[in-house]
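Chemist: Take this structure, written in structure tokens, and hold onto it; I'll ask about it next.
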Amino acid sequence: GTHSMKYFYTAVSGDIDFPEFTVVGLVDDGQFVYFDSNTMKAVPKTEWIEKNMKADYWDTEAQNSIGSHQAFRNNIQVAKDRFNQSTGVHVFQKMYGCTWDEETGDVDGFDDFGYDGEDFITLGLKNLRYITTKQEALITQANWNKNKAFLEGKKQYRTQICIEWLKKYLQYGERTLKRQVSPQVSLLQKDSSSPVTCHATGFYPSGVTISWMKNGQDHHEDVELGELVPNEDGTFQKSSTLRVTPDEWKKNQYSCVVEHQGETKEEKEIRTN
């Protein structure tokens with residue numbers, strides 16, 4: 001399968017009860033490290049990282065994050081200026097990392113920036129060019145794309161360094177990261193006129209497909225797929241919601257199909273409390 005390591009940086013400015021800067025590191029969509037500017041400490045979020053990493057690792061992670069905090073404080077100011085904003089709550093984010101396909105050995109990487117919930121600028125690793133559709137990011141794009149050493153560094157991290165760390169982490173956390181847990185699937189509904197939600201929870205790894213059938217045929221209308229959400233125990237949950245009238249539900253045979261790691265579960269009955 002494909003494995004990934006991702007880091008999420010989030011900087012906020014304005015009157016908000018949230019740390020000014022946070023870093024979350026994930027392997028295969030599960031958190032393993034966390035830092036925020038309130039504590040100025042990097043802390044382990046899984047047993048396998050805690051067991052295998054010594055104090056100097058945590059110090060380095062913290063120092064890197066403190067450096068990024070300063071940079072992002074600056075980034076958010078620059079973005080506010082470019083978007084002509086002086087007040088209000090603003091969010092500047094970065095998501096970077098790599099993916100590695102265990103079977104083929106293929107690697108890929110990303111470096112995506114967002115501002116106030118919208119794409120700001122993103123790295124196209126294949127052509128080694130930053131891409132943007134935002135007027136306000138054009139200066140950044142021009143500066144980054146003409147800096148060959150900067151681009152090469154981005155490529156080297158994503159295709160080599162990041163991959164080496166990912167493989168190391170996969171080894172450390174093998175028992176946890178290579179486990180397979182099947183989802184529990186249930187159909188839920190508040191009352192007979194509400195939408196029907198197909199809820200899959202407790203599964204690992206995170207890859208899952210949720211689809212609907214109507215009288216044995218694939219059904220895509222009035223379906224809204226939810227986001228992948230982590231559970232406390234490191235497993236995941238996801239849901240898909242179908243808008244359907246009570247009459248339609250009675251007259252037809254609807255079912256929800258959940259596929260996970262080659263295993264399929266089908267659910268037809270709404271669970272009543």
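In UniProt numbering, the protein residues as written are 1 to 273. Cβ coordinates follow ideal geometry from the N, Cα and C atoms, glycine included.
(1) Which residues in the same chain have their Cβ closer than 8 Å to the Cβ of D218, if we skip the five residues on either side of it in sequence?
(2) Please classify R243 as buried or exposed, where buried requires at least 16 neighbouring CB atoms within 10 angstroms.
(3) Excluding the 5 residues preceding and the 5 following V27 in the sequence, name in chain order all residues of the same chain whose CB lies nearer than 6 Å to its CB.
(4) On the DSSP letters alone, give me the boundaries of the beta strand (DSSP E) that G202 sits inside.
(5) In the DSSP assignment, find the unbroken beta strand (DSSP E) run with T2 in it and report its ends.
(6) Rounded to whole angstroms, what's the CA-CA distance from P205 to S182? Just pull it up for me.
(7) Could you say if the stretch 38-49 and the stretch 113-120 meet the contact criterion of at least three C-beta pairs nearer than 8 Å?
(8) Give me the DSSP bridge partner(s) of C256.
(9) In the DSSP assignment, the beta strand (DSSP E) including M23 goes from what residue to what residue?
(10) Along the chain, where does the beta strand (DSSP E) that runs through H69 open and close?
(11) Please name the residue, chosen from G226, I131, R129, that lies closest to residue 278 on a Cα-to-Cα basis.
(12) In angstroms with no decimal places, state the Cα-to-Cα distance between Q261 and Q180.
(13) Going by the DSSP bridge assignment, what does A42 pair with across the sheet?
(14) Runs of 3 residues minimum, wholly inside the stretch 147-196: which ones carry the beta strand (DSSP E) assignment?
(15) Are the CB atoms of S13 and I76 nearer to each other than 7 Å?
(16) So D101 is in the beta strand (DSSP E); what residue range does that whole segment cover?
(17) Determine, using beta carbons only, whether T99 and T2 come nearer to each other than 7 Å.
Modeler: By the coordinates alone:
(1) S211, W212
(2) exposed
(3) M5, Y169
(4) 196-203
(5) 2-13
(6) 9 Å
(7) no
(8) W212, E267
(9) The amino acid occupying residue 23 in the given sequence is Val; Met does not appear at that position. Unbroken beta strand (DSSP E) run through V23: 21-27.
(10) Careful: H69 lies outside any beta strand (DSSP E), inside the alpha helix (DSSP H) at 55-82.
(11) Nothing in the structure corresponds to residue 278, since the chain is present only between 1 and 273.
(12) 8 Å
(13) F35
(14) 184-188
(15) yes
(16) 90-101
(17) yes
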